[in-house]
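Below: the structure, in structure tokens.
Residue numbers (the working numbering): 1 to 467.
So, in structure tokens, the structure goes:
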């Protein structure tokens, strides 16, 4: 059950390259890794070295991982508790609208989740006379694009009969399940339990896939003594070997053998925490950190905290700039995330149209494409700034390309929380026929309306927990 040596070598190369982008001194490590013989022992020793790489002298950023260190690097003027009085009934309606909008945004983006830029998407839609985007993607786009997502037979406009399975939707539901079962004091062991129970391995990607594989191996093998494997009949208690703190083991594994720990796989898990804490971005961001740090580090965590804080603020703030300004206070102020997203925010504010803002963002950060957060968060801000309603806003988001389904869903959550009910035309929801197919195991809710109302109960759940 060991990872293949050639696969392990490539994974270690990925880790080294990630470490370089995160400010570590990786001089000579690529060549050293290439020269190593095929040996698990040798690779293990090399891996240990990666845990203690020094930061380059010219590195200008401060990007901590622990919550206390992150708090110390946040804007000290951030609101540290509830902002104003909260109407839980109003919040519940906004959360219901936000979740439904996230489903629509996800399904809108899903056919185009094939690493396209906004310019490529615009050209394709112009070729089929459907620019600007205003509804789900027509099947005709397949004739003018070099590729479409494999879900196309379920998610192109003419084929939609239900909400198709998607990992972004899975994780929002997982956030709901975590809060329902464990409340706001959940920990990584609680997450591990629910992930193993509900997430099929084929529905996960990148760091989430790595963590789920590791968690499954721990569950089934670790801790059993040798006599266990000779048992017959299965009667009686098993001998369990003592282990170290599993959280320590998880953190080591997460930090070393986990390339991609700054991608958007944690950011797509932020929504439920923003839903649950209307007007309390501090708590929304803290819970987002707890979830994101299970699999991700640095930018991968900060992006999650920002999104949760923004959704929290969107439920109570009318000024769209204030939503973004406040959410940006809940990330380390000397991080790459803060620096680059602030540049995007300025570009959006200085633009007269979303197209103008997109061009500016893409020109500066286009290298950070599918799943690489910086450009995509800039696009999210762009969608919020120029949206006339929820449907218009998710079309802006998906029209900008990159990870179209993930940020289509995120924009839906943010826009739905901001506008509330009544700002999404029925034509977006009717094709679902009140039917949702999740990719989760042991989760049997199939009604969009019932699941949305269950999601809408999150603010009341955490409110009861406080009292």
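Cβ atoms here follow ideal geometry from the backbone N, Cα and C, with glycine treated the same way.
Residue i vs residue j beta-carbon contact at 8 Å
i	j	result
residue 451	residue 461	no
residue 448	residue 100	yes
residue 104	residue 394	yes
residue 266	residue 295	yes
residue 181	residue 157	no
residue 64	residue 259	no
residue 299	residue 269	no
residue 384	residue 415	yes
residue 198	residue 443	yes
residue 324	residue 417	no
residue 465	residue 184	yes
residue 194	residue 404	no
residue 16	residue 30	yes
residue 161	residue 433	yes
residue 365	residue 340	yes
residue 84	residue 256	no
residue 354	residue 70	no
7 Å CB neighbourhood of residue i in its chain, flanking five on each side removed
i	result
residue 192	215
residue 368	374, 375
residue 455	95, 96, 99, 176, 275
residue 164	107, 110, 151, 154, 155, 437
residue 122	131, 399
residue 168	106, 268, 405, 406, 409
Beta-carbon contacts of residue i that lie in its chain and below 8 Å, excluding the five residues immediately before and after
i	result
residue 196	212, 215, 216, 219
residue 263	206, 207, 296, 300, 371, 372, 373
residue 45	none
residue 142	148, 152, 156
Bridge-paired residues (DSSP) for residue i
i	result
residue 117	401
residue 163	436
residue 55	24
Endpoints, alpha helix (DSSP H) assigned at residue i
i	result
residue 314	299–314
residue 358	354–365
residue 317	Element bounds for residue 317: n/a, residue is neither H nor E.
residue 333	Per DSSP, residue 333 belongs to no alpha helix (DSSP H) and is neither H nor E.
residue 375	374–386
residue 454	448–456
residue 189	188–198
residue 48	40–50
residue 135	First-last for residue 135: undefined, no H or E at that position.
residue 97	88–109
residue 350	Neither: residue 350 is in no alpha helix (DSSP H) and is coded neither H nor E.
residue 35	29–35
residue 290	281–292
residue 270	Premise fails: residue 270 is in no alpha helix (DSSP H) and is neither H nor E.
residue 153	152–155
residue 469	In this structure the chain extends from 1 to 467, so residue 469 is not present and cannot be described.
residue 426	426–429
heavy atom of the ligand ADP below 7 Å from residue i C-beta
i	result
residue 353	Absence of the ligand ADP is noted for the structure shown, with no ligands found whatsoever.
6 Å CB neighbourhood of residue i in its chain, flanking five on each side removed
i	result
residue 419	390
residue 186	178
residue 400	118, 358, 379
residue 292	266, 301, 304
residue 271	172, 413
residue 14	259
residue 38	5
residue 348	357, 381, 382, 385
residue 47	256
Three Cβ pairs or more, each shorter than 8 Å: is that satisfied between the stretch 259–276 and the stretch 85–100?
Counting Cβ pairs under 8 Å, three or more are found: they touch.
For the pair the stretch 101–121 and the stretch 398–417, tell me if three or more CB-CB distances fall below 8 Å.
Contact between the stretch 101–121 and the stretch 398–417 is present, because at least three Cβ pairs lie under 8 Å.
Does the stretch 69–87 come close enough to the stretch 423–432 that 3 or more CB-CB pairs lie under 8 Å?
No, they do not touch.
So, do the stretch 49–59 and the stretch 25–38 have three or more beta carbon pairs nearer to each other than 8 Å?
At 8 Å Cβ cutoff, the stretches touch.
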